[in-house]
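Engineer:
2 protein chains.
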Amino acid sequence: MSALLKTRVEQTLGQAIPLTEFNAFLDLLYSKSFDKKSVLAEEGKVCKNIYFFQKGSAYSYILDTKAEKHAIQFALAGYWISDLYSFFSGRPGKYNIETLEPSEVLVLNKQQFEAACDTIPVFNRFFRILIQNAYVSLQFRLARTNSEDAEFRYREFSSLHPDFVQNIPQYLIASYLGVKPQSLSRIRKALLKSSAK
Amino acid sequence: MSALLKTRVEQTLGQAIPLTEFNAFLDLLYSKSFDKKSVLAEEGKVCKNIYFFQKGSAYSYILDTKAEKHAIQFALAGYWISDLYSFFSGRPGKYNIETLEPSEVLVLNKQQFEAACDTIPVFNRFFRILIQNAYVSLQFRLARTNSEDAEFRYREFSSLHPDFVQNIPQYLIASYLGVKPQSLSRIRKALLKSSAK
DNA sequence: CGATTTTTTGAATCATATCAACGTACGTGG
DNA sequence: CCACGTACGTTGATATGATTCAAAAAATCG
Numbered sequence: 365m366s367a368l369l370k371t372r373v374e375q376t377l378g379q380a381i382p383l384t385e386f387n388a389f390l391d392l393l394y395s396k397s398f399d400k401k402s403v404l405a406e407e408g409k410v411c412k413n414i415y416f417f418q419k420g421s422a423y424s425y426i427l428d429t430k431a432e433k434h435a436i437q438f439a440l441a442g443y444w445i446s447d448l449y450s451f452f453s454g455r456p457g458k459y460n461i462e463t464l465e466p467s468e469v470l471v472l473n474k475q476q477f478e479a480a481c482d483t484i485p486v487f488n489r490f491f492r493i494l495i496q497n498a499y500v501s502l503q504f505r506l507a508r509t510n511s512e513d514a515e516f517r518y519r520e521f522s523s524l525h526p527d528f529v530q531n532i533p534q535y536l537i538a539s540y541l542g543v544k545p546q547s548l549s550r551i552r553k554a555l556l557k558s559s560a561k
Numbered sequence: 365m366s367a368l369l370k371t372r373v374e375q376t377l378g379q380a381i382p383l384t385e386f387n388a389f390l391d392l393l394y395s396k397s398f399d400k401k402s403v404l405a406e407e408g409k410v411c412k413n414i415y416f417f418q419k420g421s422a423y424s425y426i427l428d429t430k431a432e433k434h435a436i437q438f439a440l441a442g443y444w445i446s447d448l449y450s451f452f453s454g455r456p457g458k459y460n461i462e463t464l465e466p467s468e469v470l471v472l473n474k475q476q477f478e479a480a481c482d483t484i485p486v487f488n489r490f491f492r493i494l495i496q497n498a499y500v501s502l503q504f505r506l507a508r509t510n511s512e513d514a515e516f517r518y519r520e521f522s523s524l525h526p527d528f529v530q531n532i533p534q535y536l537i538a539s540y541l542g543v544k545p546q547s548l549s550r551i552r553k554a555l556l557k558s559s560a561k
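Heads up: the protein sequence lines correspond to chains Z and G, in order. Heads up, the first sequence is in my numbering, so the first residue is 365 and it goes up one at a time. Heads up, the second sequence is in my numbering, so the first residue is 365 and it goes up one at a time.
#1: CA-CA distance, F416(Z) and I495(Z)?
#2: Starting from the N-terminal side, write out each stretch of the alpha helix (DSSP H) that is 4 residues or longer and does not extend beyond the region 427-482 of chain G.
#3: Does any residue of chain Z have a CB that is nearer than 7 Å to the CB of T509(G)?
#4: Within 7 Å (strictly less), CB to CB, does G542(Z) reach chain G?
#5: Would you please verify whether the beta carbon of D428(G) is less than 7 Å from any beta carbon of chain Z?
#6: Anyone know if the C-beta pair for V486(G) and E385(G) falls short of 7 Å?
#7: From Q375(Z) to Y518(G), what distance separates their C-alpha atoms?
#8: Can you list the residues of chain Z that Y499(G) reaches, using a CB-CB cut of under 8 Å?
#9: Is G408(Z) buried or exposed, if buried means 16 or more other CB atoms sit within 10 Å of its CB?
#10: Would you say H525(G) faces chain Z, with C-beta separation under 7 Å as the test?
#11: With a threshold of 16 other CB atoms inside 10 Å of the CB of D447(Z), please say whether the residue is buried or exposed.
#12: Where L368(Z) and L464(Z) are concerned, what is the direct C-alpha to C-alpha distance, given to the nearest angstrom?
#13: Start and end of the beta strand (DSSP E) containing I414(Z)?
#14: What three-state label does DSSP hand A405(G) in the structure shown?
#15: Considering Cα atoms alone, identify which of Q534(G), K557(G), Q546(G) is closest to F438(G).
#16: For I381(G), which residues from the same chain have a beta carbon less than 8 Å from its beta carbon, with the 5 sequence-adjacent residues on both sides left out?
#17: Taking the C-alpha atoms as reference points, what is the distance between M365(G) and N387(G)?
#18: Looking at the strands, I want to know which residues DSSP matches up with F490(G).
#19: Per DSSP, K396(Z) forms a beta bridge with which residues?
#20: So, is the C-beta of F438(Z) closer than 7 Å to a C-beta in chain G?
#21: How long is the line joining the alpha carbons of T429(Z) and A435(Z), rounded to whole angstroms?
#22: Whole angstroms are fine: how far does the CA of A441(Z) sit from the CA of Q530(G)?
#23: Of all the options E512(Z), H525(Z), K458(Z), which has the alpha carbon lying nearest to the alpha carbon of A405(Z)?
#24: What residues from chain Z crowd round R505(G), counting only those whose CB sits closer than 7 Å?
#25: According to DSSP, S424(G) sits in a beta bridge with which residue or residues?
#26: For Q375(G), report the span of its alpha helix (DSSP H) as first-last.
#27: Looking at the structure shown, is V543(Z) part of a helix, part of a strand, or coil, going by DSSP?
#28: Bridge partners of V500(G), per DSSP?
#29: Helix or strand or just coil, what does DSSP make of V529(Z)?
#30: Say whether chain Z places a C-beta atom closer than 7 Å to the C-beta of F452(G).
#31: What number of angstroms, rounded off, separates the C-alpha of A554(Z) from the C-alpha of D391(G)?
#32: Ignore the nearest five residues each way along the sequence and tell me which others in G378(Z)'s own chain have a CB closer than 8 Å to its CB.
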């Protein structure tokens, strides 16, 4: 029984979920531990699972034409992470997912996912909302990248995701925000100065 | 009967679709004409339709904190456009959609959409793929914005979407690519020069 | 502890934005 | 059908935010 998972699913759905349904869902997941730097998904390979983090953290990234990493998404305890495109389409993924710490995750694979959607209507809805949310947050992020400068984006990110700022290395946050680590370091310095006054 | 729609749906699905199923789907859509600059969706209002363009063109955009427009998506004949987030969630939208020319579109509203998903399994799959594609192309776009310079992005955009370059005003393409119109003008000039040699 | 990774700092450079002006095209009413 | 106004595109000069290169300082890990 994972209280964290239940809470999070209910938050996503915006409604309470009967315990019987939740337990039916829980039966479809299995628990797994990963070392630091474990690879949960790899570019070019089909991503067969969705991961729910109970402990630890991970991030997904893409390699650009110069083989540089660009952080796409972060997951801490209570977050889902996957290459949803590859997972849903069954096509080779474009992203990599790696743990940042030793982690405990619940794994949902494609067959069980389909079983959950087919047999538990509320989970059909849940996963539709999951991809919607992913889509919306991407749209928002792109709009911000195109319209605000790096300092604005970092401030917004900090207030929206203080947990990420606490737990994710700064060079990955920089990458997520679309700036170089050196620039983020300078931005933070400037913010500290101005808030000190 | 819209041959264009049938072709496009089959392309998206990657499979042929029986004529009976297609006609059942077509019955759920209705055709409508719009003047230039018609508003198909508006920020703050629930977007109740998905639009398929038979003729004409449109674009969706978001307003940033400085009230500047940022193009999100374009639609020419053969393309779908909507505020999918608002459409699926039933929540107020964050985007605006406006025609660029007098247009003829097929309209699918939420009830008919749900009817299509419930009664025609292949359309359930179709719409799931539609949002997946939207999600994937956004991910790709964000990765590019964060990793490549404006000239690269424009060249890639031109080769990927020559139809957009032909039919969409340059200042909107600039906005879509996350640069100012003046900069795109200079980029094009530089490209013309280098290709002339 | 030593080794590696991450963060900071400085100086120079670069890409894109900004401001301002002018040219061009388009379509709308006279 | 032409003229006029508005929207769009181009160009130049300058400003600015962010990158790059290089190196040192700080933090983390085995």
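All C-beta atoms in this analysis are idealised placements derived from N, C-alpha and C, irrespective of residue type, glycine included. Since the structure is predicted, the reported quantities are computational estimates derived from the model, not experimental observations.
Structural biologist: Concretely, from the data shown:
#1: 14 Å
#2: 448-453
#3: yes
#4: yes
#5: yes
#6: yes
#7: 40 Å
#8: L448, Y449, I495, A498, Y499, L502
#9: exposed
#10: no
#11: buried
#12: 20 Å
#13: 413-419
#14: strand
#15: Q534(G)
#16: K370, V373, E374, V486
#17: 8 Å
#18: Bridge partners of F490(G): none, in fact.
#19: V469(Z)
#20: no
#21: 15 Å
#22: 48 Å
#23: K458(Z)
#24: L506
#25: Q437(G), I461(G)
#26: 367-377
#27: coil
#28: V500(G) is not bridged to any residue.
#29: helix
#30: yes
#31: 60 Å
#32: none
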